[in-house]
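A quick write-up on the structure given underneath.
There are 2 protein chains.
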Amino acid sequence: MGDTWSALADPTRRAILHLLRHQNRTAGDIAGHFAMTKPSISHHLGILRQAGLVTAQKKGQQVEYALNTTVFQEILGFIAQLTEGEKEA
Amino acid sequence: MGDTWSALADPTRRAILHLLRHQNRTAGDIAGHFAMTKPSISHHLGILRQAGLVTAQKKGQQVEYALNTTVFQEILGFIAQLTEGEKEA
DNA sequence: ACTATATTTAGATAATTTTCTAACTATTAA
DNA sequence: TTAATAGTTAGAAAATTATCTAAATATAGT
Numbered sequence: 009m010g011d012t013w014s015a016l017a018d019p020t021r022r023a024i025l026h027l028l029r030h031q032n033r034t035a036g037d038i039a040g041h042f043a044m045t046k047p048s049i050s051h052h053l054g055i056l057r058q059a060g061l062v063t064a065q066k067k068g069q070q071v072e073y074a075l076n077t078t079v080f081q082e083i084l085g086f087i088a089q090l091t092e093g094e095k096e097a
Numbered sequence: 009m010g011d012t013w014s015a016l017a018d019p020t021r022r023a024i025l026h027l028l029r030h031q032n033r034t035a036g037d038i039a040g041h042f043a044m045t046k047p048s049i050s051h052h053l054g055i056l057r058q059a060g061l062v063t064a065q066k067k068g069q070q071v072e073y074a075l076n077t078t079v080f081q082e083i084l085g086f087i088a089q090l091t092e093g094e095k096e097a
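Structure (structure tokens):
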């Protein structure tokens with residue numbers, strides 16, 4: 009399992025996650041939103057998949073990607089640790 | 009202002025933030041906790057400072073670093089966007 | 001003024017990452 | 001079975017990053 013933090017460090021990958029916010033999308037659909045080749049997007053999708061941030065499911069000829077938000081717990085936990093015991097504005 | 013996400017992508021930098029969780033610490037104190045040279049830690053501190061995740065204040069001969077948690081809003085906002093409209097476990 | 005301590009800056013090297021083109025695999029359609 | 005479409009894999013080049021040693025700066029003490 010790859011590192012969540014470094015998967016999120018790249019702006020293209022964060023934009024991909026944002027694209028998947030409301031709908032699942034095929035690899036080609038996703039690639040269509042970026043000024044980048046398909047292999048590059050495929051690489052980014054692989055990293056997101058390894059980090060568990062997306063899941064991939066083959067649908068005939070295409071591969072449908074979906075957001076998986078459960079992984080964010082790790083990040084929220086880290087931030088909670090650092091911000092615990094603070095008062096609100 | 010440097011990028012918050014990439015500042016947090018490095019495990020050494022996250023460990024530094026964790027060290028600053030309850031107390032402010034000098035650069036040397038921080039460096040003492042890692043199997044890494046002082047210049048390397050100084051470099052990481054610079055990146056954290058640029059990202060606004062820590063503040064630095066000169067205290068005589070030393071430099072005291074403190075955690076700044078306000079920057080986490082950006083990250084929490086991103087995650088909130090992606091997780092909005094989900095039910096709880 | 002010298003010496004010691006704390007920290008940063010500079011420059012180099014090694015490792016990692018991003019992106020590309022070309023080639024490959026799998027599925028669908030003619 | 002041949003051709004077209006969707007996607008991934010392989011390999012290379014360019015850029016970025018992490019780390020080191022050596023040198024520089026700033027403060028404090030003798």
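Residue numbers (the working numbering), protein chains in the order written: chain Y, 9 to 97; chain W, 9 to 97. Note that the Cβ used here is the ideal one computed from N, Cα and C, for glycine as well. Predicted, not measured: the structure shown is a model, and the values here were computed from it.
At least one CB of chain W closer than 8 Å to the CB of residue i: is that the case?
| i | result |
| --- | --- |
| Leu27/Y | no |
| Ser48/Y | no |
| Arg57/Y | no |
| Ala17/Y | yes |
| Thr77/Y | yes |
DSSP on residue i, reduced to helix/strand/coil?
| i | result |
| --- | --- |
| Glu72/W | strand |
| Gln65/Y | strand |
| Arg57/Y | helix |
| Thr45/W | coil |
| Arg22/Y | helix |
Apart from the five residues on each side of it in sequence, which residues of its chain come closer than 7 Å, Cβ to Cβ, to residue i?
| i | result |
| --- | --- |
| Glu82/Y | Thr12 |
| His41/Y | Leu27 |
| Ser50/W | Ala35 |
| Leu16/W | Arg22 |
Comparing C-alpha positions only, which one of the options sits nearest to residue i?
| i | options | result |
| --- | --- | --- |
| Thr20/Y | Lys46/Y, His52/Y and Val71/Y | His52/Y |
| Ala39/Y | Ala17/Y, Ala15/Y and Gln70/Y | Gln70/Y |
| Met9/W | Thr63/W, Ala35/W, Ala23/W and Asp18/W | Thr63/W |
| Ile55/Y | Lys67/Y, Leu25/Y and Asp37/Y | Leu25/Y |
So is residue i in contact with chain Y if we call contact Cβ pairs under 8 Å?
| i | result |
| --- | --- |
| Thr91/W | yes |
| Ala64/W | no |
| Phe86/W | yes |
| Phe80/W | yes |
| Ile38/W | no |
| Leu53/W | no |
| Glu72/W | no |
| Arg22/W | yes |
Identify, in the order they occur along the chain, each residue of the same chain with its Cβ nearer than 6 Å to the Cβ of residue i, setting aside the five sequence neighbours on each side.
| i | result |
| --- | --- |
| Thr78/W | none |
| Ala74/Y | Asn32 and Thr63 |
| Glu72/Y | Asn32, Thr34 and Gln65 |
Closer than 8 Å by C-beta to residue i: which residues in its own chain qualify, once you throw out the five before and the five after it? Chain order, please.
| i | result |
| --- | --- |
| Asn76/Y | Gly60, Leu61, Val62 and Thr63 |
Stretch-stretch touch, CB-based, cutoff 8 Å, three pairs: the segment 71-91 of chain W with the segment 21-30 of chain Y: Proximity of the segment 71-91 of chain W to the segment 21-30 of chain Y meets the contact definition, three or more beta-carbon pairs being nearer than 8 Å.
The segment 56-69 of chain W / the segment 31-49 of chain Y touching (three or more Cβ pairs under 8 Å): Using a C-beta cut-off of 8 Å, the segment 56-69 of chain W makes no contact with the segment 31-49 of chain Y, since fewer than three inter-stretch Cβ pairs fall below that distance.
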